[in-house]
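Everything below concerns the one structure shown next.
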Amino acid sequence: MQQEPLYLSKKASMPARTFGGVLLAFSAFILLLQPVMAQNAPANPEIATPVQRGSTATGTRYMAVTAHPLATQVGAEILRGGGSAADAAVAVQLVLGLVEPQSSGIGGGGFALYYDAKTGQVHTFDGRETAPSTAGQYLFTGKDGKPMDFYDAAIGGRSVGVPGTVRLLEMLHKRFGVKPWRDLFSPAITIAETGFTVTPRLAAMVDNDYERLTSFVPAKLYFYPDAFTPIKEGQRLSNPSYAQTLRRIATEGADAFYKGGIAEDIVKTVREAPGNPGLLSIEDLSGYKAIERKSVCSTYRAHLICTVGEPSSGGLALLSALGILENFNMAAQRPDDPRTWHVIAEASRLAFADRDQYMADPHYV
1499 MQQEPLYLSK KASMPARTFG GVLLAFSAFI LLLQPVMAQN APANPEIATP
1549 VQRGSTATGT RYMAVTAHPL ATQVGAEILR GGGSAADAAV AVQLVLGLVE
1599 PQSSGIGGGG FALYYDAKTG QVHTFDGRET APSTAGQYLF TGKDGKPMDF
1649 YDAAIGGRSV GVPGTVRLLE MLHKRFGVKP WRDLFSPAIT IAETGFTVTP
1699 RLAAMVDNDY ERLTSFVPAK LYFYPDAFTP IKEGQRLSNP SYAQTLRRIA
1749 TEGADAFYKG GIAEDIVKTV REAPGNPGLL SIEDLSGYKA IERKSVCSTY
1799 RAHLICTVGE PSSGGLALLS ALGILENFNM AAQRPDDPRT WHVIAEASRL
1849 AFADRDQYMA DPHYV
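When the sequence shown is numbered by my numbering, its final residue is 1863 and no position is left out of the sequence of numbers.
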């Protein structure tokens, strides 16, 4: 089975950082606008959506849960039509890159955790961004020799890594997909051409980030199309250039993204970013490979929980926190009791302290 028991390396090191962004295919400029881990990072870099309570959703054969209703609908339709969870994941990601560009996209990276019901195995796929091959330890050090402030480091080409999402989707589909690759692109292409409704969260973030988004002409034209007026909640927004890019990847495969014209445009945009150029090269893109890794599993009371191992740290921190909480009778705790939340907070604090001390990219530590 592609899984292993929880193990945290005792070799002390700082977590490795990878950097990436989101590509709205009208250009690669949105790649330059994504956050990067740096000194003085704002406590709340994204506008959050408040907790909402609604009706419970249940399913007996399949279920799709995503960050946007359109993506959820697409995922459910793929599953309803006989597609695998891998097929649904590919189609969903392509839609999310369109409707929530502030959080997701084919210009970034990610991980996939996949359970194969036929074999009972849990598989992990690593498609996170990697640093450019010429990046060094002083990449985010200013001319004064001090770590750069958050937005000085984040906005521009310097923070852009080699995007891994498209290779990740390709690997996941080759292993577990059953529907044709190109068919999974059709929903996102259609929505990109016909348009989607701007959500309150996207509208608020665009309105809040005027100065940074307007630093790049293509982003300014897309998010502020009417005389520098930001897109509004409920407005219809289309992205035909994104549809065009998806068509190429659908017909030519992932190589269309990592080699040729699209790759050249990405590299040119990153390396010529005004005020903060990056190091990304054609060789970085053409040489990128997604990696299948072993998943990490541990138990919490009667449950076996599997997650993504390093270089990801979130799942490992979760397993660590659950291991601490297993020493407490949580079932007897009331959700409205501050002491309950204090125990959870302390378990999380200890888990995150270990994460910062011990977890990093296994290729380098």
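Ideal Cβ positions, reconstructed from N, Cα and C, are used throughout, including at glycine.
- Membership of H1801 in the beta strand (DSSP E) is indicated by the continuous run 1801 to 1805.
- Taking the C-beta atoms as reference points, D1585 is found no nearer than 7 Å to F1609.
- Separation of I1729 and P1723 (C-alpha to C-alpha, rounded to the nearest whole angstrom) is 7 Å.
- Residues of the same chain with a CB within less than 7 Å of the CB of E1598, apart from the 5 flanking positions on each side, are A1565, H1566, L1700 in chain order.
- For I1764, there is no enclosing beta strand (DSSP E); the residue is part of the alpha helix (DSSP H) that begins and ends at 1759 to 1769.
- Between the C-alpha atoms of D1614 and M1669 there is a straight-line separation of about 15 Å.
- Per the DSSP secondary-structure output, I1689 pairs with nothing in a beta bridge.
- When the alpha-carbon of F1638 is set against those of D1835, P1775, L1783, the nearest one is in P1775.
- Comparing C-alpha distances from A1569 to each of P1716, G1773, Q1550, S1602 shows the shortest one belongs to S1602.
- Excluding its 5 nearest sequence neighbours in each direction, R1578 has no C-beta neighbour in its own chain below 6 Å.
- Between the alpha carbons of P1698 and E1731 lies a distance of about 5 Å.
- Counting only runs of 4 or more residues that sit fully inside the segment 1669 to 1719, the alpha helix (DSSP H) segments are 1684 to 1692, 1698 to 1706, 1708 to 1711, in chain order.
- Counting of Cβ neighbours within 10 angstroms places S1796 among the buried residues, the total reaching 16 or more.
- Contact between V1660 and S1793 does not hold, since their C-beta atoms are separated by about 23 Å, which reaches or exceeds 8 Å.
- Beyond the five residues adjoining it in sequence on each side, G1640 comes within less than 6 Å, by CB distance, of M1646 in the same chain, given in chain order.
- Nearest to G1557 by alpha-carbon distance, out of A1574, R1551, Q1550, is A1574.
- With contacts defined as CB atoms closer than 7 Å, G1581 and K1677 qualify as a contacting pair.
- Non-local C-beta neighbours of H1671 in its own chain, meaning closer than 8 Å and more than five positions away in sequence, comprise A1584, D1585, V1588, W1679, L1682, ordered along the chain.
- Around the beta-carbon of D1782, 16 or more other beta-carbon atoms lie within 10 Å, marking it buried.
- In this structure L1820 touches Y1798 by the C-beta definition: roughly 4 Å separates them, less than 8 Å.
- Within 10 angstroms of the beta-carbon of Y1862 lie fewer than 16 other beta-carbons, which makes it exposed.
- Across the set L1735, G1759, R1734, the C-alpha of G1759 shows the shortest separation from the C-alpha of R1746.
- It is roughly 21 Å from the alpha-carbon of I1764 to the alpha-carbon of Y1649.
- In the DSSP annotation of this structure, the continuous segment of the beta strand (DSSP E) that includes V1620 starts and ends at 1619 to 1625.
- Comparing alpha-carbon positions, the option among M1703, G1662, P1860 lying closest to Q1591 turns out to be G1662.
- Distance from the CA atom of Y1740 to the CA atom of T1838, rounded to whole angstroms, is 47 Å.
- For the 7 Å CB-CB criterion, V1658 and V1572 do not form a contact.
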